[in-house]
Each structure stands twice: as C-alpha cells, then as structure tokens.
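Asks: Taken in sequence, the protein lines are chains A and B. Take 1 as the starting number for the first sequence in the UniProt record's numbering and just add one per residue. Take 1 as the starting number for the second sequence in the UniProt record's numbering and just add one per residue. Heads up, the beta-carbon is just placed ideally off N, CA and C, and yes, glycines get one too.
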Amino acid sequence: MAKTYDYLFKLLLIGDSGVGKTCVLFRFSEDAFNTTFISTIGIDFKIRTIDLDGKKIKLQIWDTAGQERFRTITTAYYRGAMGIMLVYDITNEKSFENIKNWIRNIEENASADVEKMLLGNKCELEEKRQVSKERGEQLAIEYGIKFIETSAKASIRVEEAFFTLARDIKAKMEKKLEASNPPKGGHQLRTSEPQKKPTSWLSRCTLL
Amino acid sequence: MHRISSGGHSTPPSVRRPILNFGRSLNTSSEDSTISRNNSPHIAKDYVESLHQNSRAALLFGKNNVHVMPLKAEVTEPMPGYLSLHQTPSGLTIKWTPNQLMNGFSDESQDKSVYWDFALQVRLDEIVYVHCHQDSEAGGTVILVGQDGVQRPPIHFPKGGHMLAFLSCLETGLLPRGRLDPPLWSQRSGTNSNTRRRRPLPALSETEETTKDYVFRIIDNSDHKDILKRKDLMDTKASLPSRVRVQLCSTSTSSESSSKSFSLDQQSVPDSPPSVYIQAVCDSMKKQIISRAFYGWLAYCRHLSTVRTHLSGLVNSKIINGDGASEGITLEKWTELCIDGVVSDYGEVYRQTYFGGICNELRTEIWPYLLGHYKFGSTTEQRKELDEETKQAYENTMSEWLAVEAIVRQRDKEDQAHAIAKLSSESASGEPVPKEIQRDLSNEVFEDEITDDEDSMSEEEKIQSRKSRRNTIKYESDEDQQLNDEDNAEINLVQISSDPEALPSSSNCDKNDEDAEGRSQELNDFIHNVIVTNASLDITNVETDGAPVRNHLDAVTEENNSSLDTCIETHGLASPGRSACVSPASSNGGIYSQELLKTFGLNLHRIEKDVQRCDRNYWYFANENLDKLRNVMCTYVWEHLDIGYMQGMCDLVAPLLVTFDDESLTYACFCHLMERMIENFPNGNAMDCHFANMRSLIQILDAEMYEQMHAHGDYTHFYFCYRWFLLDFKRELVYSDVFKTWEVIWAAQQVASSHFVLFLALALLETYRDIILSNGMDFTDIIKFFNEMAERHDVNAILKLARELVLQLQILIENK
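1. For B/Thr309, count the other beta carbons within 10 Å of its own beta carbon; 16 or more makes it buried, fewer makes it exposed. Which is it?
2. So, is A/Asp6 buried or exposed, given that buried needs 16 or more other C-beta atoms within 10 angstroms?
3. Could you tell me the boundaries of the alpha helix (DSSP H) in which A/Asp63 lies?
4. Please report how far the alpha carbon of B/Ala747 lies from the alpha carbon of B/Ser399, in whole angstroms.
5. Taking one C-beta from the segment 786-796 of chain B and one from the segment 732-740 of chain B each time, how about it: are there three or more such pairs within less than 8 Å?
6. Among A/Lys176, A/Thr22, A/Arg71, which one has its Cα closest to the Cα of A/Ile106?
7. Between the segment 322-330 of chain B and the segment 716-724 of chain B, can you find at least three pairs of beta-carbon atoms closer than 8 Å?
8. Cβ of B/Pro655 versus every heavy atom of the ligand HEM: is any distance shorter than 6 Å?
9. Quick check on B/Lys63: does DSSP put it in helix, strand or coil?
10. Kindly indicate which three-state DSSP category residue 829 of chain B falls into: helix, strand or coil?
11. Is there a Cβ from chain B that is less than 7 Å from the Cβ of A/Asp79?
12. Quick one: is B/Gly149 buried, meaning 16 or more other Cβ sit within 10 Å of its Cβ, or exposed?
13. Using only CA atoms, which one of A/Arg135, A/Ile145, A/Ser151, A/Val114 lies nearest to A/Glu126?
14. Tell me, please, whether the segment 677-685 of chain B touches the segment 375-382 of chain B by the rule of three or more beta-carbon pairs shorter than 8 Å.
15. I want to see whether chain B comes within less than 7 Å of A/Pro198, judged by CB atoms only; does it?
16. If you measure from the beta carbon of B/Leu733 to each beta carbon in chain A, is any gap under 7 Å?
17. Just the C-alpha distance for B/Arg56 and B/Cys282, rounded to the nearest angstrom, thanks.
18. Closest to residue 821 of chain B by C-alpha separation, out of B/Ile813, B/Gly341, B/Leu665, B/Pro158, would be which residue?
19. Just the chain A side, please: which residues come within less than 7 Å of B/Arg723 by C-beta, in chain order?
20. So what's B/Leu801 in DSSP terms, helix, strand or just coil?
21. Measure the CB-CB distance between A/Phe110 and A/Ala140 and report whether it falls below 7 Å.
22. Which same chain residues, not among the five before or five after A/Arg167, have their C-beta less than 7 Å away from its C-beta?
23. Give the range of the beta strand (DSSP E) segment to which B/Ser168 is assigned.
24. Can you give me the C-alpha to C-alpha distance between A/Glu124 and B/Ala654, rounded to a whole angstrom?
25. Here's the rule I'm using: 16 or more other beta-carbon atoms within 10 Å means buried, otherwise exposed. How should B/Gly178 be labelled?
26. Use the C-beta contact count for B/Ala119: other C-beta atoms within 10 angstroms, 16 or more gives buried, fewer gives exposed.
27. Report yes or no: is there a C-beta of chain A within less than 7 Å of the C-beta of B/Leu423?
28. Would you say the segment 742-757 of chain B touches the segment 769-785 of chain B, given that touching needs at least three Cβ pairs under 8 Å?
29. I'd like to confirm the pairing. Which residues does DSSP put opposite B/Arg217 in its beta bridges?
30. Spatial neighbours of B/Lys212 within its chain, please: CB distance less than 6 Å, with the 5 preceding and 5 following residues excluded, ordered by chain position.
31. The beta strand (DSSP E) spanning B/Arg123 covers which residue range?
32. On a Cα-Cα basis, can you pick out the residue from B/Lys375, B/Glu365, B/Arg351, B/Phe779 that is closest to B/Gln708?
33. Under the rule that 16 or more other beta-carbon atoms within 10 Å means buried, what is A/Leu13, buried or exposed?
34. May I ask you to report which of helix, strand or coil DSSP gives B/Lys212?
35. Where B/Gln647 and A/Ser39 are concerned, what is the direct C-alpha to C-alpha distance, given to the nearest angstrom?
36. Spell out a yes or no on whether the segment 389-405 of chain B and the segment 688-708 of chain B are touching, meaning 3 or more CB-CB pairs, one atom from each, closer than 8 Å.
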C-alpha cells in the first residue's frame with residue numbers, strides 16, 4: 001500500500017485534568033462532542049489527515065492524562081512530539097496558572113525546538129469566565145507562542161488551532177531542510193526534498 | 001542397466017550445477033559414482049543397508065510408507081516407500097526407496113529393476129527451498145526446490161506429525177553450518193495445529209481445519225573459504241598426519257563459533273603427507289554432532305531454569321483442576337456452600353469462582369468474602385455486626401471530611417469571587433470592586449448550593465436555615481487586606497465553632513442578606529454546580545438542641561432530594577439513636593491546618609471532576625448515584641490523604657458500588673481492593689514489574705510475538721497495557737464483563753496465580769496475535785488497536801485462555 005500522506009506530524013495535548021483535551025481532540029478528529037466523556041487513563045491518540053498547501057499531512061495527536069501524578073507515563077511522549085497544545089479552561093483560573101508548570105514540563109522533557117501553542121478552551125461559557133482573553137494573550141506573548149480561544153462544545157476555532165500548529169511545524173521543518181541543503185535550482189528542491197529526507201521517526205510511520 | 005537416480009537425475013541433466021554450487025556439491029559426481037551400481041541383489045542389499053545407521057552416515061530420520069510420486073511417465077499414483085535422512089561428512093542426503101525394493105530383496109521372482117528408477121536421492125546442499133503443504137486431514141507434503149528452481153517429486157507424509165518430525169530433524173541436521181529460515185520452532189509454535197497451543201481467534205481456529213502452506217529457505221551460514229579448503233583436503237585424498245587435531249568447539253553454543261569448529265588445524269596441512277584420514281574427519285564430525293546435541297540440551301536446560309527462577313513466582317505451584325466448576329457458583333451451589341449462614345469451604349468458593357464465576361444475584365453476598373472483608377467461617381450475626389461497625393466507621397469518617405469540605409467550599413467561593421471581581425475590574429477599565437460584594441462573598445458559604453432548595457422554602461425557613469448554617473462557621477479574615485492583596489486571602493487557621501454566639505461576623509452577614517441574595521443569583525451562574533448539601537447538614541448537626549435545625553431538616557427532607565436523603569441516612573440523622581451525636585469536627589477541636597485544607601480541597605476538586613464524568617453512559621450513573629460515588633471516594637481519600645486521589649480510582653469504585661449499592665460496604669471492599677491496586681498507581685512499582693513480567697512471559701510462551709516486539713524496540717515498554725493493569729481491565733470491558741473478570745482475578749490468587757492480570761493481558765494479546773503479527777503492528781498501532789477494541793472483547797474466551805496460559809506455565813515449571 002502506498003503512503004497516503006506526505007508528512008506525519010506527531011502532536012501532543014497537555015493541560016490540567018478536565019480542561020477538555022479529549023473533547024478538543026474529539027471535535028477535531030470526529031467533528032463531534034460528547035458530554036459523557038470519561039477521564040483519560042494512560043494515553044490515547046487520534047489521527048486526522050489534513051491538506052496544507054497541497055501537501056497531505058497526517059496528524060497523529062496524542063491525548064494524555066491530565067493529572068500531574070501520571071507524568072511519568074505522559075512525559076514519555078513529549079520526546080517524539082513535534083507540536084504541543086497547551087490547553088487550559090477559561091472558567092478555571094487554576095488551570096491557567098498551571099500552564100507555567102506545563103511549560104516547565106515541556107522544557108524538561110520535549111525537544112528544544114518543539115512548536116507550542118496555547119489554547120483557552122470552553123470559550124462558549126462566557127458567563128463563567130475566570131481568565132480573560134487578554135491574560136491568555138499576554139501569557140502567550142511571554143512565551144513567544146500563539147494563542148487561540150476555542151470551544152470544543154460549540155466548535156469554535158478548534159480546526160483553526162490545529163491547522164495553525166500544523167502550518168507552523170511544516171514551515172519550521174521546511175526551513176530547516178532548506179538550511180541544511182542550500183537551494184541550487186530554485187524552488188524545485190523545496191517540493192522534492194522533504195520526501196527524500198524525512199526525519200527519523202517520519203520514515204517509520206505506518207499505515208493506519 | 002538400472003541406476004538409482006540421484007536428485008540430479010530426476011531432473012533434466014541441463015539443470016545440474018557442478019561448479020556453481022560451492023562446497024559439498026563439488027564432489028557430487030564422485031558420490032554418485034559410488035552409489036550407481038549394477039542391479040545385482042548383492043548391491044541392492046548393500047544399498048538397503050546403507051539406509052540404516054552405519055559408520056559412514058548417521059541416520060537422522062527414517063519413516064516408511066511415505067508416498068512419493070516419481071517423475072516418471074509410467075507411474076500414475078504416488079508410491080509408498082521408505083524415506084530417510086542421512087548425515088554424511090559431505091552433508092545431508094534425503095533418500096526415498098520404494099517399498100518394493102525394501103521388502104524381500106532376495107526374492108528374485110519379480111523384476112524390481114524398474115523400481116530403482118523411482119528411488120530418490122537428493123543432496124540437501126542443492127536445495128534452496130522447502131515447501132510444506134500441511135493438511136490436517138491427510139498429513140503433509142514436502143516439496144524440495146533446488147537452486148535452479150526445479151521441484152523435486154513431492155514427498156507425502158502420512159498423518160500424525162511425521163512431516164513436522166522430519167522438518168525438525170532436517171533443521172537439526174543443518175546446524176551449525178546451515179539453518180531453516182524462518183526457524184521451524186517459531187513456525188511450529190505459531191501455526192501447527194498439532195501443538196498444544198491452540199489459537200483462540202475464531203478466524204484462525206477455522207483455518208486450523210483447512211490446509212496451510214509454508215516455505216522455508218535453507219540458508220548456508222558456513223564460511224565459504226573454510227569449506228573449500230576442507231573439500232580440497234578430502235578431494236585430493238591428502239592424508240593428514242595422525243597428529244592432526246580437530247578443533248572442537250568446547251564451550252560456546254552459538255552457531256558462529258561452532259561453525260568455526262569444523263575447520264581443521266590448517267597449520268599442519270603443508271607438512272602433512274598426501275593421504276587424508278577421512279576417518280578422523282568423520283570422527284570429529286561425530287564429536288561435533290554429539291557436542292552440538294549436548295549444548296543444545298544444555299541451552300534448553302538453562303532456558304528452563306531461567307523460566308523457573310524468574311517466572312515460577314507468577315503462578316502457584318499447586319495445580320488445581322476445574323472439574324465440575326465450569327458453572328461457577330449458582331444459587332443451588334451456594335446453598336451447598338453456605339450452610340446456616342456459615343461458609344467454611346473457602347477453597348471450593350475460590351475454585352468455583354475461578355473456573356466459572358458467580359451468578360449475578362450472589363455477587364453482593366460473595367464479593368466481600370473474595371475481597372477479604374467478610375471472613376470465611378463467620379456467622380450471619382458476626383457479619384451483621386461487622387456491617388454495622390463498618391457503617392458506623394464510615395459515617396464517622398464522612399462527617400469529618402464533610403466539615404472540612406464546608407470550609408473548602410467557602411474558600412473556593414472567595415477565590416472565585418476574586419477571580420470574577422478581578423476580571424470585571426479589568427474589563428471595566430480599573431473600576432474598583434464594591435466593597436460590599438467582597439465582604440458578602442467572603443462570608444457566604446453555601447449561597448449558590450442551596451438556591452434550588454430555597455426556591456421552595458418559605459422566606460422564614462430560608463433565613464433560619466441560612467442563619468443556622470452560617471452560624472456554625474467562623475471564618476476569620478481581614479477583608480481590607482483581601483482587597484489590597486488577593487494572596488493575603490489565605491488564612492492561617494480556620495475554626496469551626498459550635499457556639500453561634502461566638503461569631504461576630506454572622507451579624508454582619510445578616511445585614512447584607514438582601515444584597516447578597518440578589519448578587520448571589522448572579523454569581524450562581526459563575527460557580528460550578530457542586531453537591532454540598534451534605535456538608536451543610538453535617539454542620540447543622542452541631543446544634544443538637546436548636547429548633548432551627550429541625551426546621552431545616554424538615555425543609556430539606558421535604559425537598560425529596562436524593563443526595564440529602566443519602567446524607568441523612570448515612571449520618572444517622574434519621575435514626576433517633578444518633579440524634580445526640582456531637583460533630584466530630586467539634587470533638588476534634590475543629591481546627592485544621594492550612595495545609596490540610598489545601599490538600600483536601602485539591603483532592604475534592606479532582607474527585608468531583610472525575611465523578612462527573614464516570615461512566616455516565618451506564619444506567620446506574622446516568623443521573624443518580626454520583627453522590628454515593630463521590631462520598632466513597634472522598635472518604636477513602638480523607639483516610640489516605642498521603643496517597644490522595646488519583647485518576648482511575650473512581651473507575652475502581654464504580655463496579656463495586658453498582659454491585660453493592662451500599663456506600664459503607666463499597667468503601668470497605670474498595671479499601672481491600674486498593675491494598676493490591678495502589679501499587680499500580682504512580683509511585684508504586686507494580687506497573688514496572690508487570691511490564692517486565694509481560695516481557696518474560698511473552699518470550700517464554702510466544703516466541704514469535706516476542707521476536708516482533710523485539711524488532712520494534714519501542715514495543716518493550718508495554719504502555720498499551722498500562723490502563724489494563726491500572727484498572728484491572730475495567731475500561732476494556734462492559735460492566736457485566738468487568739464483574740466476571742474481577743471475581744476471577746480475586747479468586748485466582750488462591751487458586752492459580754496472584755498475578756492473574758498478566759495472563760489476562762497475555763490472553764488479550766494472544767487473542768489478536770494474528771492481527772498484530774500479520775499487520776506488523778508497531779507500538780502506536782497496538783495502542784490504537786486496543787483503545788478501539790475496548791468493550792468489544794469476548795470475555796469468556798479471554799478468561800478461558802488466560803486460565804489455560806496459567807496452566808501452561810504451571811506445567812512448564814513443574815515438568816522437571
């Protein structure tokens with residue numbers, strides 16, 4: 001069977017328990033929402049292939065248990081991740097404050113150049129809001145990462161969030177390839193090179 | 001002239017490769033010439049004798065009535081004959097001789113000359129592929145394919161594992177210079193229907209009845225040059241001096257080093273006279289064969305000893321059979337086991353449960369025994385007493401944490417109010433927050449939670465009940481400071497007092513009651529829906545002689561609120577005997593350290609988050625009973641604050657609660673369950689042990705799977721089993737199957753293995769092994785596969801297989 005995609009991106013969702021990581025993922029992968037979700041134990045992942053600038057990109061998105069206690073198992077997945085979504089709940093101040101700790105976790109366990117993004121979820125609950133959009137934006141600026149407020153329930157900007165992260169990873173990857181192979185024949189290299197030289201784990205991606 | 005056709009002669013002469021085939025085949029022609037002979041009875045007799053073990057060749061395999069269809073025009077049907085496998089100094093030879101030549105060769109009356117043409121002789125070094133066609137009905141067929149791609153006549157073995165035996169001998173004979181690829185052993189363990197390990201997958205068990213084909217490649221490991229040199233020695237008939245030494249591989253069993261052992265001491269060659277003591281070479285080979293066999297045996301013994309040392313702890317040494325236990329404990333059986341309310345034959349209870357499970361009606365009664373809550377041999381009265389004690393203890397513990405919860409709620413509310421105030425002040429461009437709101441919020445404890453109740457209360461009742469509740473809590477805070485710095489909202493000590501007069505702040509609140517009510521409505525929308533009514537009841541408990549309490553209780557009970565009912569029941573408020581009880585909070589002095597409040601508050605929030613999303617699709621938790629779950633969980637965490645709440649605990653409480661539908665019994669049994677389960681959670685080391693044991697078990701019981709896992713390095717951390725072990729497979733199965741599985745796990749400890757979960761995990765893997773292997777699944781695929789397969793497993797088949805796997809290991813260990 002031929003490969004049905006050009007790139008495989010491995011993404012990771014982290015954040016406090018109950019902020020809606022699984023729901024965000026479910027919204028993105030199945031375009032559905034379920035109020036009877038159970039807490040994530042261990043790890044799970046979902047796949048969705050998206051189209052970006054004519055390239056098929058398979059997103060393998062890992063969902064982790066939120067409770068800090070389980071970090072021994074979840075941090076094992078930080079290493080291979082190319083992009084990390086930091087999720088908090090705009091109706092829960094604490095989950096926002098904990099973003100700092102999650103960032104520290106990333107710094108300790110993930111590769112240095114991993115793409116990060118901040119998601120303020122449950123933005124449909126405006127009347128219960130505890131964390132203003134401005135604070136979210138400010139924190140994102142502080143860490144030099146992008147920020148989007150989403151709602152998995154109301155399906156607000158979830159697509160946008162994942163597409164943005166995927167686009168950033170793609171851009172970074174292509175830039176890196178260009179840097180390591182200075183262009184000779186103009187833009188021709190750009191299109192052919194990434195397929196020839198996938199990163200190590202890209203090459204052993206399997207068909208699902 | 002009749003000749004015994006050699007392998008080469010049974011195919012067109014043009015396909016012979018005298019030169020290309022290195023090594024042993026170089027002297028094929030000379031070998032042929034020694035076999036080719038006149039068809040005299042004398043020669044024939046010699047020939048037949050050569051089929052037996054003799055000094056020239058070792059007989060590795062012999063079987064009569066093996067059918068071969070000679071490639072001769074005049075033969076239309078396969079003929080029976082004697083198949084033999086010989087090991088000579090020059091390599092392996094397969095011979096097949098028609099029965100007519102084997103029987104009574106002295107009988108001259110019949111002309112058998114024609115049969116010499118049918119006889120087969122195939123040198124194995126000419127063979128590259130061995131095609132095996134297995135048919136469970138008719139036996140098996142082996143077709144040898146040469147390097148030229150030409151097939152030798154099919155050799156058909158009768159039923160009864162003869163083909164397998166032949167292939168085994170062939171594989172052994174090839175060692176150490178050659179081997180079968182893939183190795184026969186793993187093929188056999190994986191696919192042969194005659195072996196003990198039957199595949200449980202329905203799709204596969206069907207194919208067991210049909211035919212199967214495999215292809216083995218014969219691979220030559222030997223060093224090319226080595227062999228050429230040796231050939232030279234033999235072909236030139238150069239004799240080695242008697243001091244020629246043959247290096248025997250003395251210790252190593254690896255094929256690499258043992259292949260070297262065949263090289264002769266080359267140093268002596270230049271000095272040696274031209275004749276070779278072929279006998280010496282043959283002797284050395286014999287020694288080689290014997291030593292190889294010895295080392296093979298030694299390796300096997302070591303392997304078994306490893307199994308015994310490392311895995312014997314995983315199963316009980318005593319094998320208990322499941323005779324008459326397939327039905328498990330039925331109502332009928334239970335009347336036999338439980339005589340006058342006393343169960344003494346605990347062995348039988350465990351055995352029946354392990355092999356057949358417990359019927360659903362009896363689970364409530366038997367599970368406490370299995371979990372160690374009830375003692376075997378206890379009387380009905382003793383158990384009743386225990387139930388009573390359990391209930392009492394549970395209620396006491398609960399009232400302790402409910403008091404703390406009340407404080408936590410208040411603090412939460414303040415924090416939330418702060419956050420909201422901060423947010424509104426931000427959005428209103430720095431407009432200061434009205435002081436009144438701050439004060440109200442900091443003092444309102446249950447405003448949001450009781451709103452629903454209040455709606456149906458009379459105004460008087462409302463005030464009374466609120467007052468009574470508010471009076472019980474003294475919350476010391478410096479409001480001005482709070483305004484300036486939200487961090488200062490932290491208070492060192494929070495005191496609960498049973499004396500309402502000692503609370504100056506309560507009068508402040510009353511003044512602002514109306515204000516607060518209006519605002520609290522707004523705030524309701526901001527604040528999480530929480531179940532706190534229990535807490536309020538507990539605190540009202542403090543005022544044992546006050547009329548407001550009775551009124552409040554009446555009002556509450558009229559509400560017909562299930563959570564309140566539960567609370568009243570569990571607190572014994574409804575029973576007159578408990579009416580005079582003093583709040584444990586006050587008896588403890590009612591003083592809680594800041595740290596304790598913080599810790600418990602954190603746990604409380606986590607518990608609530610998980611209770612709200614625990615199995616809501618299952619009828620029991622769809623709308624009701626969440627409070628019960630929460631209470632059990634909180635009580636456990638309160639008693640084990642050092643452990644704290646960890647995600648997954650709710651999943652473990654839930655099936656117990658569904659079965660017992662009784663909080664205190666669920667709590668007691670959960671505590672027993674957690675004695676074992678806690679080690680699986682983070683900070684325990686059971687999970688790593690499970691992973692290590694899984695690896696060893698797979699290595700021993702399914703070599704082929706192990707190979708694949710080994711090939712994918714990332715496989716080895718076994719994280720796909722994480723959830724299985726953490727929750728005793730609770731998330732993998734539907735509720736009714738969880739019940740079945742759990743009781744077997746509990747009983748297994750006494751009957752077969754205290755690590756039964758490992759065998760369940762192995763059974764799950766084995767059930768889908770063909771899917772996993774044929775798709776070459778890597779670690780991520782497996783995680784995804786099993787996450788998607790959750791709640792779709794055939795639990796009876798898996799339990800059965802798991803029991804079989806335990807038995808298999810028990811036999812392996814016992815079989816010395």
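Replies: Answer, in terms of the structure:
1. The residue is exposed, with fewer than 16 neighbouring Cβ atoms inside 10 Å.
2. Answer is buried; the Cβ neighbour count reaches 16.
3. For A/Asp63, there is no enclosing alpha helix (DSSP H); the enclosing beta strand (DSSP E) covers residues 55-64.
4. Computed Cα separation, rounded: 35 Å.
5. Touching, per the Cβ criterion.
6. Nearest C-alpha to A/Ile106 among A/Lys176, A/Thr22, A/Arg71: A/Arg71.
7. Fewer than three pairs of CB atoms, one per stretch, sit closer than 8 Å, so the segment 716-724 of chain B makes no contact with the segment 322-330 of chain B.
8. In terms of ligand content, the structure shown is empty, and the ligand HEM therefore cannot be addressed.
9. Strand, per DSSP.
10. Since the first residue of chain B shown is 1 and the last is 816, residue 829 of chain B is not available in this structure.
11. Just to set this straight, residue 79 of chain A is Arg in the shown sequence, not Asp. It does not: the Cβ of A/Arg79 has no partner Cβ on chain B nearer than 7 Å.
12. Its Cβ having fewer than 16 others within 10 Å, B/Gly149 is exposed.
13. Out of A/Arg135, A/Ile145, A/Ser151, A/Val114, A/Ser151 has the C-alpha closest to the C-alpha of A/Glu126.
14. With the cut-off at 8 Å, the segment 677-685 of chain B and the segment 375-382 of chain B do not touch.
15. With a pLDDT of 40 at A/Pro198, under the threshold of 50, the predicted position of this residue should be treated as unreliable, though the coordinate-derived value follows. Chain B contact via Cβ: absent.
16. Closer than 7 Å: no.
17. Between B/Arg56 and B/Cys282, the alpha-carbon positions lie close to 8 Å from each other.
18. The structure shown does not extend to residue 821 of chain B, since chain B spans only 1 to 816, so no value can be given for it.
19. Neighbours of B/Arg723 in chain A, taken as residues whose beta carbon is under 7 Å from its own, are Ile41, Gly42 in chain order.
20. In the three-state scheme derived from DSSP, where H, G and I count as helix and E and B as strand, B/Leu801 is classed as helix.
21. In the sequence as displayed, the identity of residue 110 of chain A is Ala instead of Phe. With contacts defined by Cβ atoms closer than 7 Å, A/Ala110 and A/Ala140 do not form a contacting pair.
22. Closer than 7 Å at Cβ, skipping near neighbours: Leu52.
23. Judged by DSSP secondary structure, B/Ser168 falls outside any beta strand (DSSP E) and instead within the alpha helix (DSSP H) spanning 162-174.
24. Linking A/Glu124 to B/Ala654 through their CA atoms gives a straight-line distance of about 31 Å.
25. A residue is called buried when at least 16 other Cβ atoms come within 10 angstroms of its Cβ; B/Gly178 meets this threshold and is buried.
26. Using a 10 angstroms sphere on the CB of B/Ala119, the tally of other CB atoms reaches 16 or more, which defines it as buried.
27. So, interface residue.
28. Cβ pair count under 8 Å is below three, so no.
29. B/Tyr129, B/Asp181, per the DSSP bridge assignment.
30. Gln134.
31. From DSSP, the beta strand (DSSP E) with B/Arg123 extends over 120-123.
32. Out of B/Lys375, B/Glu365, B/Arg351, B/Phe779, the CA that lies nearest to the CA of B/Gln708 is found in B/Phe779.
33. Under this definition A/Leu13 is a buried residue.
34. B/Lys212 falls in the strand class under three-state DSSP.
35. Cα to Cα, B/Gln647 sits roughly 7 Å from A/Ser39.
36. Because the criterion of three Cβ pairs below 8 Å is not met, the segment 389-405 of chain B and the segment 688-708 of chain B do not touch.
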